[in-house]
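Q: Numbering (the numbering used here), first residue to last: 83 to 464. Here a beta-carbon is modelled for each residue, glycine too, at the ideal position from N, C-alpha and C. Can you read through this structure? Questions will come right after.
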């Protein structure tokens, strides 16, 4: 089945007893045994931290969407990333290469919790294939990519970097939150693991916090499930059901969102008060040709810089449709100030070097009427 069909069928036929079209919410912490188990006997369920039928339906859907062997659902995107990093084994003295402008929470997790136990994190512009290849030649446990990066929307050549990682004996982990499996399936391009903040486009309605990781192999999936059970940062039944419901409209939502994003980016590029627009869907954007070759779309995130930083607060509080809020990927359009919100944990000098300045704004474009979105931005920028 094609991806548009797979998402609609998320959780369908997961209850063979009743044939329910909507996956049931198994809001239970524990399950009755009908005989003295050995492990795996009875219904297959014993305790909801280990597994829950609603979460199982979700995880099977997520694995199918990405073409993976197994998926695990977590209580947040950062919990998913934390579990994936624990798969890497003893970390003391090992190197991890990471996209240099990732989500600020990723930097916080790596620098404040994994660096102190000996993991040497190397941040690099992963849109520069040659630079990453040279860094991999020095040795690395894994390469962690965001595609596109957040918030500068740089695009890595995943095929080339997957080959380079394989030559170096490093795992390739791709954070595919911005594109989702509807637009890009990293496992088909050589990735070993895919991670998501499922709070964003996969859920799509700003009504849950969730994360997911999808593994290429069953062996890796089994190991990840062990981490999931041992650490316990699992997704509960109700949020698993909400995420299943959100998945069903992923294709139609994201198609509309990226159509709107293209219109917003074109408007901003013509605006005299905007000095720079970053959107891979614009011809001429540095990542345009690369993403067009790899993916079936460009996503719905747009970043732009205003000429005058003194205007930023008025823009943030002046929009009436774009809500001034963190997060992204929901049906509602949001506007964010990365330097003070999502990337505040990055050192100021490093933010400035990267281009995450006090003039940079990030838009998560929703499914509203495009003309309304353009009029809202026009009046806020005026």
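Helix or strand or just coil, what does DSSP make of residue 414?
A: Here residue 414 sits in coil by DSSP.
Q: So does the segment 196-210 actually touch the segment 176-186, counting three or more Cβ pairs closer than 8 Å?
A: yes
Q: Which word fits residue 310, buried or exposed, when buried means at least 16 other C-beta atoms lie within 10 angstroms of its C-beta?
A: Residue environment for residue 310: buried (at least 16 other C-beta atoms within 10 angstroms of its C-beta).
Q: For the alpha helix (DSSP H) that contains residue 148, what are its first and last residues?
A: 135-148
Q: Do residue 155 and residue 294 come within 7 Å of each other at the CB atom, strictly closer than that value?
A: Going by C-beta atoms, residue 294 is nearer than 7 Å to residue 155.
Q: Expressed to the nearest angstrom, what Euclidean distance is found between the alpha-carbon atoms of residue 441 and residue 243?
A: 32 Å
Q: Taking residue 234 as the reference, which of 450, 439, 103, 127 has the closest Cα?
A: 439
Q: Does residue 320 come out as helix, strand or coil in the three-state DSSP assignment?
A: helix
Q: Is the beta carbon of residue 325 closer than 7 Å to that of residue 285?
A: yes
Q: So the candidates are 387, 246, 301; which of them puts its Cα closest to the Cα of residue 217?
A: 246
Q: Specify, as a first and last residue, the run of the beta strand (DSSP E) that residue 206 falls within.
A: Its beta strand (DSSP E) spans residues 202-206.
Q: If you pair each beta-carbon of the segment 297-308 with each one of the segment 414-426, do three or more pairs fall below 8 Å?
A: no
Q: For residue 303, collect the residues of the same chain with a Cβ closer than 7 Å to its Cβ; drop the 5 residues on either side in sequence, then sort them by chain order.
A: 151, 152, 297
Q: Using 8 Å as the threshold, is the segment 397-412 in touch with the segment 265-278, meaning 3 or more CB pairs across them?
A: no
Q: For residue 225, which beta-bridge partners are listed by DSSP?
A: 179, 254
Q: Where DSSP assigns a beta bridge to residue 446, which residues make up the other side?
A: In the DSSP output, where bridge partners are listed per residue, residue 446 has 383, 416.
Q: If you reduce the DSSP assignment to three classes, tell me which class residue 112 lands in.
A: strand
Q: Give a yes or no on whether the C-beta atoms belonging to residue 226 and residue 255 are separated by under 7 Å.
A: yes
Q: Return the bridge partner residues of residue 152 from the DSSP annotation.
A: 297
Q: Are there 16 or more other CB atoms within 10 angstroms of the CB of residue 377, so buried, or fewer, so exposed?
A: buried
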